[in-house]
Every structure is written in structure tokens, then in C-alpha cells.
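Numbering (this note's numbering), first residue to last: 205 to 435.
Cβ coordinates follow ideal geometry from the N, Cα and C atoms, glycine included.
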């Protein structure tokens with residue numbers, strides 16, 4: 205389920221069903237689909253504009269509810285589809301067509317944002333390490349709850365930062381405690397290195413499972429009767 209932007213082409217690259225949603229509404233659409241059919245495996249795909257700007261208001265609720273979907277943020281720190289304007293994750297001082305004197309606002313930190321809002325699986329990958337990234341996404345899909353994978357994905361056309369990330373990415377240590385929320389938050393606050401791997405995960409009842417607990421108490425009705433009444 206993609207929104208809009210370069211990331212919205214994702215379903216066309218995969219052998220799967222896809223629903224091309226409205227700009228910024230990736231997460232509520234994915235939530236509705238999961239509630240309607242809990243057996244579906246759903247990935248919500250978006251860029252830093254789609255998920256961290258116009259759709260940012262939906263993110264805290266999807267994370268806090270622990271909706272059983274996998275949210276993949278492809279972050280290139282620019283609005284590549286519209287020819288390189290600043291995005292919510294653009295670094296301070298970065299000059300673009302929309303910020304000719306440099307970005308003034310402090311950039312959003314997606315991993316920190318996810319941790320602070322209750323996501324039960326939070327990881328970061330790098331598009332130049334596809335095998336490691338694939339493993340993170342698979343882990344996210346298998347996780348029973350809201351999983352978030354932040355992907356550092358440079359835009360080769362308008363903001364090619366591969367050289368920067370090649371020098372600054374660093375894998376999380378092998379003995380990293382993935383169940384220590386405070387440690388994960390502290391690590392997400394560091395700016396010296398861009399850490400890759402699973403920052404945090406916990407087991408918590410998913411939104412779909414919680415809703416299904418109320419099904420036996422719900423009032424049963426004959427759909428055919430209602431259709432006839434209002435036809």
C-alpha cells in the first residue's frame with residue numbers, strides 16, 4: 205500500500221497485489237485493510253514526504269495501536285518526484301529550490317519518532333546493503349504487530365548521498381539488547397554514526413487481535429435483510 209512519490213511505484217516491482225493510495229493516507233488505508241481481512245500480509249510503503257510530512261499525523265496512532273502491518277520508509281531527504289525540494293528529514297542548512305538559503309528546521313528523526321510513539325519493532329537499513337535490508341523487512345513482516353523499517357535510500361538524481369552513508373553507516377553490535385527501549389532511544393539520538401539493524405522489539409497484543417476479542421459480543425444481523433430494507 206503506497207501513497208505517492210517515487211516510493212509509490214513499489215507494487216509494480218513486485219509479484220503481489222497493490223493498492224495505490226492517496227498522498228499521505230498510506231497508514232489508515234493499510235489499517236482498514238488489515239482490520240477487514242486480518243489474514244492479509246500488508247506492507248505500507250512511503251517516502252519521507254508521504255510518511256513524515258502530509259501523513260505524519262497518522263503514524264503515532266498506527267504505532268500506538270500496534271496495527272499488524274509493516275511500514276517501510278524510504279528516506280532520501282528530498283522531494284525527488286517534484287524535482288528536489290526540502291523534506292522533513294533534510295539536514296539543517298541544506299539548500300534546495302524551496303530553501304535557497306538553507307533548511308532552518310531541525311530534521312525529523314524517523315527511528316526516534318517510531319520508538320517514542322510505541323512501535324513494537326523498529327529497525328534501520330541502507331539501500332546499498334540489499335541483503336541486510338531484505339532480512340530486516342522479513343523480520344518486520346514476521347513480527348506480530350506494528351513494524352517500522354527506516355531505509356536510508358539516497359536519490360541518485362537530485363541528492364546522491366551514497367558516499368556520505370558509505371562512510372557513516374555502522375552495524376549495531378552483535379550483543380545489542382533489542383528489548384531495551386531506553387538504550388534504543390539513546391542510540392537513536394546519536395548523530396556521529398548512522399546505525400543499522402534492529403533497534404528495538406517487543407511482544408504486545410496487536411490491534412487486529414484486540415478487536416477480534418470483541419467479535420463474540422457484537423450484535424449479529426442478517427445482511428440480506430438490511431440490503432432489502434434500503435434497496
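Q.
Buried or exposed, going by whether 16 or more other CB atoms sit within 10 Å of the CB of residue 370?
A. Residue 370 should be labelled exposed.
Q) Within this structure, are the beta carbons of residue 259 and residue 230 separated by less than 8 Å? A) It is a contact, given that the beta carbons lie within the stated cut-off.
Q. Hey, quick one: how far does the alpha helix (DSSP H) through residue 305 stretch, first residue to last?
A. If you look at residue 305, you'll find it isn't in any alpha helix (DSSP H); DSSP assigns it neither H nor E.
Q. What residue does the beta strand (DSSP E) around residue 279 start on, and which one ends it?
A. Following the DSSP letters along the chain, one finds residue 279 inside the beta strand (DSSP E) bounded by residues 274-279.
Q: Please state if the CB of residue 282 and the CB of residue 294 are separated by a distance shorter than 8 Å.
A: Taking 8 Å as the cut-off, the beta carbon of residue 294 is found closer than this to the beta carbon of residue 282.
Q: Please go through the same chain and pick out, in chain order, the residues whose beta-carbon is closer than 7 Å to the beta-carbon of residue 297, but skip the five residues on each side of it.
A: These residues qualify, in order along the chain: 306 and 307.
Q.
Quick check: the stretch 346-361 against the stretch 267-279, are at least 3 beta-carbon pairs closer than 8 Å?
A. In this structure the stretch 267-279 touches the stretch 346-361; the number of beta carbon pairs closer than 8 Å is three or more.
Q.
Please give the ranges of any alpha helix (DSSP H) in the stretch 294-368, keeping only runs that are unbroken, at least 4 residues long and fully inside the region.
A. As far as the stretch 294-368 is concerned, its whole alpha helix (DSSP H) runs of at least 4 residues are 314-320 and 334-346.
Q: Per DSSP, which residues does residue 405 bridge with? Please list them.
A: For residue 405, which the question treats as bridged, DSSP gives the partners 325.
Q.
In the DSSP assignment, the beta strand (DSSP E) including residue 248 goes from what residue to what residue?
A. Here the beta strand (DSSP E) through residue 248 covers 247-251.
Q.
Measuring only the C-alpha atoms, how far is residue 409 from residue 304?
A. Rounded to whole angstroms, residue 409 to residue 304 spans 47 Å at the Cα level.
Q) Alpha carbon to alpha carbon, how far is residue 300 from residue 363? A) When the Cα atoms are used, residue 300 and residue 363 turn out to be separated by approximately 10 Å.
Q. What's the gap between the Cα of residue 311 and the Cα of residue 292?
A. The alpha-carbon atoms of residue 311 and residue 292 are separated by roughly 6 Å.
(Q) According to DSSP, is residue 400 part of a helix, a strand, or is it coil? (A) Looking at residue 400 - three-state DSSP - the assignment turns out to be strand.
(Q) Could you check whether residue 207 and residue 250 sit closer than 8 Å to each other, using their CB atoms as the reference points? (A) A contact, by the Cβ cut-off of 8 Å.
Q | Beta-carbon proximity check, residue 264 vs residue 321, cutoff 8 Å | A | Against a cut-off of 8 Å, the Cβ pair of residue 321 and residue 264 comes out as a contact.
(Q) Less than 8 Å between the beta carbons of residue 340 and residue 323, yes or no? (A) No. Outside cutoff.
Q.
Relative to the C-alpha of residue 262, which candidate in 379, 219, 317 and 241 has its C-alpha closest?
A. Ranking 379, 219, 317 and 241 by Cα distance to residue 262 puts 317 first.
Q. From residue 429 to residue 240, what does the alpha carbon distance come to, in whole angstroms?
A. Rounded to the nearest angstrom, the two C-alpha atoms are 21 Å apart.
Q: Over the uninterrupted beta strand (DSSP E) stretch that includes residue 373, give me the two end residues.
A: Residue range 373-375 is occupied by the beta strand (DSSP E) that includes residue 373.
Q) Quick one: what's got a C-beta closer than 6 Å to residue 242's C-beta in the same chain, skipping five residues either side? A) Within the same chain, Cβ atoms closer than 6 Å to the Cβ of residue 242 are found at 412, the five residues on either side in sequence being excluded.
Q.
If contacts are defined as beta-carbon pairs under 8 Å, then residue 244 and residue 238 qualify, I think. What distance do you get, rounded to the angstrom?
A. Their Cβ separation, rounded to whole angstroms, is 6 Å, which keeps residue 244 and residue 238 in contact under 8 Å.
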